[in-house]
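Comments concern the structure below.
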Amino acid sequence: MSENGVTGDGPAIEARGLVKVYGETRALDGIDLTVRRGQVFGFLGPNGAGKTTTIRILATLARPDGGTARVLGFDVVSERNAIRARVAVTGQFASLDDDLTGYENLIVFGRLRGLSRAASRRRADELLAAFDLTGAASRPVGGYSGGMRRRLDIGASLIVTPDLLFLDEPTTGMDPRSRSQVWELVRQIAAAGTTVLLTTQYLEEADQLAEQIAVIDHGRIVAEGTSAQLKARVGSGTLHVRLLDGEQRPRARAVLAGTLEGPVRLGADPLTLSVLLATPADPADTGRLVGHAMTRLSDARVAVAEVTLGQPSLHEAFLALTGHPASPAVTDHEDANS
Amino acid sequence: MSTPTATSRAVPEAHRLDGLLAPARPPRRAGALAASATFGWRAMLKIKHEPSQLTDVIAIPVVFTVLFTYIFGGAIGGTPGHYLKTLLPGTLVMGITACTMYGGARLAQDVTTGVFDRFRALPVWRGALVLGGLLGDAGRYLLAAAIVVILGVIIGYRPDGGAPGVIAAVALVIAFGLSLSWLWAAVALLVRAPATVMSLGLAVLLPPTFASNIFVQPRTMPGWLQAFVNVNPISHVADAARDLMNNTGGTGGPVTWSLIATAAITLVFAPLTLHLYSKQG
């Protein structure tokens, strides 16, 4: 875990009661956070929940109005330079110099990180090759695609391997292929021993990458745990029903709403609907309740193609924990029928 | 969390970081001078990649020197040649002051693109980014100065102060321009929008450039305007440039006043800029 010469054994991040006020808004309203060294920690929340503000404080770019935080054992207010030397930040919008070429961007960061001219050039060449950007190295970054920018952006954060990497919404607005490339990069960076704090509005991203997830909403952490733990907190599971005929969906919805406790939601696919099941007093009753609902569907002459009972998705977990969906980007046609 | 399992996995289109993330002993923190030089290099690269940003730097001194020499020269100074003695050191001052807000606009652009925060999160001296930008500004000012002087010589200006006088005048005006660079850097960090810095720059710089003795001596102006022209630092810097270039130094009063104005503006705005830079939002 300490392959990068991480000193000390304390947590990578320890924040207690962080508060940040902008005018009338409490952007952060008492954030507690503990991130183990070597962990990929997911910070999940909608736009404006306080994710970026938290990163700005932890990366010494903003000063907390209340609370304390230590990053790699150093205080975020009084020991800023010690933190800056060991941490890299990749911001929400790929923050590179559009006028400069990819190569020149990396050289600038290499020199500013204290590498010699020769070492900066060597490192830039290595990173450009690893990130498949050698062909674009001498082109201005302004002409790069979103995926190329993000790769160069992450590369710039690895000029000197950081002990802790902040990734603020690394895949927002990316196509699926670029997204999976970035995910693979994050896995490799974490495997090499760097602690990663990743913010995202995508539940799938947190699910895929993060060992530990904190859900943030309105400047507060509303839930924390592994992806499985968060899903378990939400309810006993979700019943997914797929119909043969979409015309029958309103009828199926009425039947399910009448027989099961919990909101019935219509899927984006006109043939599907799902029920977030409330946990019954005795969990063993779940099967009987679902069976009863199936019988009632048959009685109502609704033709069912497929029925599955599964754990709730992180999306459903988010909805249940915060009372609203994670973000417009991931919201399907929902209709919380409660 | 062992390296082999994760990196040996076959992944389509994967970018392999094998060996790249090896424990690198963190290098020593970049020194203040090295960091400033890096930012200066960056500023030069931006000019190299985007030479069109020099249009104003070239156009303003050319247009005003030629225009005033031939249109107003005879009327104001008797003959164009005679007028050039007064005008050319003045357009030198104008050409440089008129492009002092570009550095600020560039800094504001760094703020809006987010690259500013990325620089700020690095363990480098807080003044390095602005100082590096000033190196880029100095390059721009030197170009403007060279254009004015060469153009002047072509159209008949002969400096009595010779090369030493011209060099001294250019150095003095660039120093004055750099003090204004600090001013615009502070403005950039306050308003954080490149377009606002540019329009503020025009609005703030244009009136005192004309309400100075660059083009005409204030004798025919109304009293209140004369009063302004006489305290306007741009008038003093223009007079100082005339003294140095035309070798009419005398007691050197304008030079002294120019140096005092330069020092005063720098002493106010350099610390303010550094404060705004490191202020945590």
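First to last, the sequence lines map onto chains A and B.
Just remember that the numbering used here sits 670 ahead of the position in the first sequence, which is counted from 1.
Just remember that the numbering used here sits 848 ahead of the position in the second sequence, which is counted from 1.
Just so you know, even glycine gets a beta-carbon here, dropped at the ideal spot from N, CA and C.
Whole-Å CB distance - residue i paired with residue j, under 8 angstroms assumed
i: B/Y1182; j: B/G925; result: This structure gives no information on residue 1182 of chain B, because the portion of chain B shown stretches from 849 to 1129.
i: A/L926; j: A/V934; result: 5 angstroms
i: B/G951; j: A/G761; result: Actually they are not in contact, since the Cβ atoms of B/G951 and A/G761 sit about 23 angstroms apart, beyond 8 angstroms.
i: A/A893; j: A/L984; result: Between A/L984 and A/A893 the Cβ distance is about 11 angstroms, and since that is not below 8 angstroms, they are no contact.
i: A/G772; j: A/L835; result: About 20 angstroms; that fails the 8 angstroms criterion.
i: A/G843; j: A/G720; result: A/G843 to A/G720, Cβ: 20 angstroms. No contact.
i: B/I908; j: B/L902; result: With a Cβ gap of about 11 angstroms, B/I908 and B/L902 do not count as contacting.
i: A/V911; j: A/L943; result: 6 angstroms
i: A/L828; j: A/M818; result: Incorrect: roughly 16 angstroms between the Cβ atoms, too far for contact.
i: A/T865; j: A/D833; result: 7 angstroms
i: A/R857; j: A/L879; result: 7 angstroms
i: B/I1113; j: B/S1027; result: 4 angstroms
i: A/V710; j: A/A860; result: 5 angstroms
7 angstroms Cβ cutoff, residue i in contact with chain A
i: B/Q986; result: What sits at residue 986 of chain B in the sequence shown is Ala, not Gln. No, B/A986 does not count as interfacial toward chain A.
i: B/L893; result: yes
i: B/Y930; result: One point to set straight first is that residue 930 of chain B is His, not Tyr, in the sequence displayed. B/H930 does not count as touching chain A.
i: B/T851; result: Low confidence applies to B/T851: its pLDDT is 40, below 50, so where it sits in the model is not reliable, and the reading given next is rough at best. True, the Cβ-Cβ gap to chain A drops below 7 angstroms.
i: B/T1114; result: no
i: B/A858; result: Note that B/A858 has pLDDT 40, beneath the 50 cutoff, so the model's placement of it is unreliable and the number below is only indicative. No, B/A858 does not count as interfacial toward chain A.
i: B/A854; result: Only weak support exists for where B/A854 lies, its pLDDT of 41 falling under 50; the value from the coordinates is given anyway. Closer than 7 angstroms to some Cβ of chain A, the Cβ of B/A854 qualifies, so yes.
Within-7 angstroms CB hit, residue i to chain B
i: A/D735; result: no
i: A/V759; result: yes
i: A/N717; result: no
i: A/T831; result: yes
i: A/G993; result: no
i: A/L731; result: yes
i: A/S897; result: no
i: A/E796; result: yes
i: A/S815; result: no
i: A/P681; result: no
i: A/S748; result: no
i: A/P940; result: no
i: A/L688; result: no
i: A/R792; result: no
i: A/L770; result: yes
i: A/R1014; result: Because chain A here runs from 671 to 1008, residue 1014 of chain A falls outside it and cannot be looked at.
i: A/A755; result: yes
i: A/V676; result: A caution first: A/V676 carries a pLDDT of 46, below 50, which makes its placement in the model unreliable, though a value can still be read off. A/V676 does not count as touching chain B.
i: A/D653; result: Residue 653 of chain A falls outside the range modelled here, since chain A spans only 671 to 1008, and no answer is possible.
i: A/F744; result: no
i: A/D767; result: yes
i: A/N775; result: no
i: A/F763; result: yes
Selection from the options that minimises the alpha carbon distance to residue i
i: A/L914; options: A/P940, A/A799, A/T738 and A/G812; result: A/P940
i: B/N1095; options: B/G1013, B/I1022 and B/L1124; result: B/G1013
i: A/F779; options: A/S983, A/R809, A/I824 and A/R857; result: A/I824
i: B/A1023; options: B/G1101, B/I1108 and B/G888; result: B/I1108
i: B/P1089; options: B/V905, B/L979, B/V996 and B/L1028; result: One point to set straight first is that residue 1089 of chain B is Ala, not Pro, in the sequence displayed. Here the closest residue by C-alpha is B/V996.
i: A/L742; options: A/D802, A/G708, A/R791 and A/G693; result: A/G708
i: B/A882; options: B/Y1005, B/L1054 and B/L983; result: B/L983
i: B/L869; options: A/Q878, A/V830 and A/A806; result: A/V830
i: B/L1053; options: B/Y918, B/N1078, B/I1082 and B/F887; result: B/I1082
i: B/R876; options: A/S808, A/D735, A/N751 and A/V746; result: A/N751
i: A/Y814; options: A/N775, A/A788, A/G993 and A/S786; result: A/N775
i: A/A685; options: A/L770, A/G737 and A/S748; result: A/G737
i: A/R966; options: A/D845, A/P840, A/P846 and A/G928; result: A/G928
i: A/G937; options: A/E931, A/V945 and A/L930; result: A/V945
i: B/L936; options: B/A993, B/D866, B/A1041 and B/L977; result: B/A993
i: B/L1073; options: B/A1059, B/F1063 and B/P899; result: B/A1059
i: A/V811; options: B/L1092, B/E898, B/M1093 and B/S884; result: B/E898
i: B/A1019; options: B/V978, B/D965, B/A1086 and B/R1040; result: B/A1086
i: A/A898; options: A/A788, A/G916 and A/E986; result: A/E986
i: B/L999; options: B/R974, B/A1118, B/I906 and B/T1110; result: B/I906
i: B/G867; options: A/F744, A/A732 and A/R793; result: A/R793
Report task. Please list the residues of the region 958–983 of chain B that have a C-beta atom closer than 9 angstroms to any C-beta atom in chain A, keeping them in chain order. Result -> D958, T961, G962, V963, F964, D965, R966, F967, R968, A969, L970, P971, V972 and A976
(request) Check each residue of the region 865–891 of chain B: if its Cβ is closer than 9 angstroms to any Cβ of chain A, include it; give the result in chain order. (result) L865, D866, G867, L868, L869, A870, P871, A872, R873, P874, P875, R876, R877, A878, G879, A882, A883, A885, T886, F887, W889 and R890
With a floor of 4 residues, list each alpha helix (DSSP H) that falls wholly inside the region 909–962 of chain A, ordered by position along the chain.
919–929
ask   = What residue ranges within the region 963–1037 of chain B form continuous alpha helix (DSSP H) runs of no fewer than 4 residues, ordered along the chain?
value = 963–968 and 976–1002
At a CB distance below 8 angstroms, what residues from the region 897–914 of chain B approach chain A? Give them in sequence order. Within the region 897–914 of chain B, the qualifying residues are H897 and E898.
Of all the alpha helix (DSSP H) runs that stay within the bounds of the region 1036–1124 of chain B, which reach a length of 4 or more residues?
1042–1058, 1071–1079 and 1081–1094
Contacting positions in the region 857–875 of chain A - beta carbon closer than 8 angstroms to chain B
R857, Q858, I859, A860, A861, A862, G863 and T864
Quick check on the DSSP output: what are the complete alpha helix (DSSP H) runs of length 4 or more inside the region 740–828 of chain A, in order along the chain?
750–754, 772–782, 787–800 and 816–827
Output needed in chain order: residues of the region 777–789 of chain A with a Cβ under 7 angstroms from some Cβ in chain B. V778, R781, L782, R783, G784 and L785
_Which residues of the region 967–995 of chain A have a Cβ closer than 7 angstroms to any Cβ of chain B? Give them in chain order._
Those residues of the region 967–995 of chain A that come within reach of chain B (Cβ to Cβ, closer than 7 angstroms) do not exist; the list is empty.
Margin query: Against chain B, which members of the region 797–810 of chain A pass a CB distance test of less than 8 angstroms?
Written below: L797, A800, F801, D802 and P810
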